[in-house]
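Undergrad:
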Amino acid sequence: MQKIITRARIVGQLLQERRQTIAIAESSAGGLISAGLLSVAGASAYYLGGGVIYTREARRQLLGLPESVVTMQAATEDYALLVARAIRDKLGATWGLCETGASGPGGNRYGNPPGHVCVAVCGPQDLAMTLETGSADREANMRAFAEASLEFLEKALR
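Using my numbering, read the sequence shown as starting at 271 and increasing by one per residue.
As structure tokens, this is what we get:
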């Protein structure tokens with residue numbers, strides 16, 4: 271968790287310097303991205319909120335996404351971009367971040383292997399990436415997904 275917190279401090283500092291805010295929609299990281307950001311004193315200056323959007327029903331109820339998005343394959347860059355945009359707009363943040371994947375030990379319902387994750391950030395610029403850890407270790411993948419998400423956000427902020 272220390273790597274996540276260290277990266278979250280950097281991201282928090284960048285957001286504070288820019289007077290920008292973030293909203294998070296995570297899935298396979300299970301809340302670790304938000305936990306990292308919230309572990310930093312002063313997080314209320316930049317962290318507006320977030321959620322673990324783990325099921326189709328959560329997509330529908332918490333994000334208010336249209337059925338065409340609710341039923342689309344989740345662990346893709348296109349989906350991650352749509353959700354990052356949705357959480358950003360819903361909470362009125364400068365940036366939205368979505369993490370979606372398969373932490374393991376098995377793959378997800380869409381045929382993605384364990385260790386597959388897509389991350390997107392939407393804000394002044396929109397970016398998406400895919401990461402494959404090659405591991406079926408659920409806990410290690412959750413940490414790797416959170417670290418990669420925060421690192422990706424940091425790059426977008428620079």
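Built from N, CA and C at the ideal position, the CB exists for glycine as well.
#1: Could you name each continuous alpha helix (DSSP H) segment of 4 residues or more that falls completely within the region 303–386, going from the start of the chain to the end?
#2: By Cβ distance, which residues of its chain are closer than 7 Å to residue 322, with the 5 residues on each side in sequence left out?
#3: I need the boundaries of the alpha helix (DSSP H) containing residue 412, first residue and last residue.
#4: Using a Cβ-Cβ cutoff of less than 6 Å, which residues in the same chain neighbour residue 344 once the five nearest sequence positions on both sides are dropped?
#5: Would you mind reading off the limits of the beta strand (DSSP E) that contains residue 400?
#6: Decide yes or no for the touch test of the region 314–328 against the region 392–404: beta carbon pairs closer than 8 Å, at least 3 of them.
#7: I'd like to know if residue 407 contacts chain D, where contact means its C-beta is closer than 8 Å to some C-beta of that chain.
#8: Quick one: using the 10 Å Cβ neighbour count with 16 as the cut-off for buried, is residue 417 buried or exposed?
#9: What's the C-alpha gap between residue 293 and residue 274?
#10: For residue 281, write down the residues that DSSP places opposite it in a beta bridge.
#11: Going by C-alpha distance, which of 341, 315, 313, 312 is nearest residue 326?
#12: Once you ignore the five residues that flank residue 378 on each side, which residues in its own chain have a CB closer than 7 Å to its CB?
#13: Looking only at its chain, what residues have a beta carbon closer than 7 Å to the beta carbon of residue 315, apart from the 5 residues adjacent to it on each side?
TA: This is what the structure holds:
#1: 326–333, 337–340, 347–361
#2: Position 52 of the sequence shown, counted from the start, is the residue given in the question as residue 322. Contacts found: 296, 297, 300, 301.
#3: Here residue 412 is taken as the residue at index 142 of the sequence shown, counted from 1. From DSSP, the alpha helix (DSSP H) with residue 412 extends over 408–427.
#4: Taking the sequence shown and counting its residues from 1, one reaches residue 344 at position 74. Correct list, in chain order: 370.
#5: If you number the sequence shown from 1, residue 400 lands on position 130. 397–402 is the span of the beta strand (DSSP E), which, as asked, contains residue 400.
#6: no
#7: The structure shown contains no chain D, having only a single protein chain.
#8: Translated into the one-based positions of the sequence shown, residue 417 becomes position 147. Classification of residue 417: buried, given that the 10 Å Cβ count is 16 or more.
#9: For the purposes of this step, residue 293 is identified with residue 23 of the sequence shown, where counting begins at 1. For the purposes of this step, residue 274 is identified with residue 4 of the sequence shown, where counting begins at 1. Taking the straight line joining both Cα atoms gives about 17 Å.
#10: Position 11 of the sequence shown, counted from the first residue, corresponds to residue 281. In DSSP, residue 281 forms no bridge with anything.
#11: By one-based count along the sequence shown, residue 326 stands at place 56. Ranking 341, 315, 313, 312 by Cα distance to residue 326 puts 341 first.
#12: Translated into positions along the sequence shown, residue 378 becomes position 108. Taken in chain order, the residues that qualify are 345, 372.
#13: The sequence position of residue 315 within the sequence shown is 45, counting from 1. So the qualifying residues of the chain are 286.
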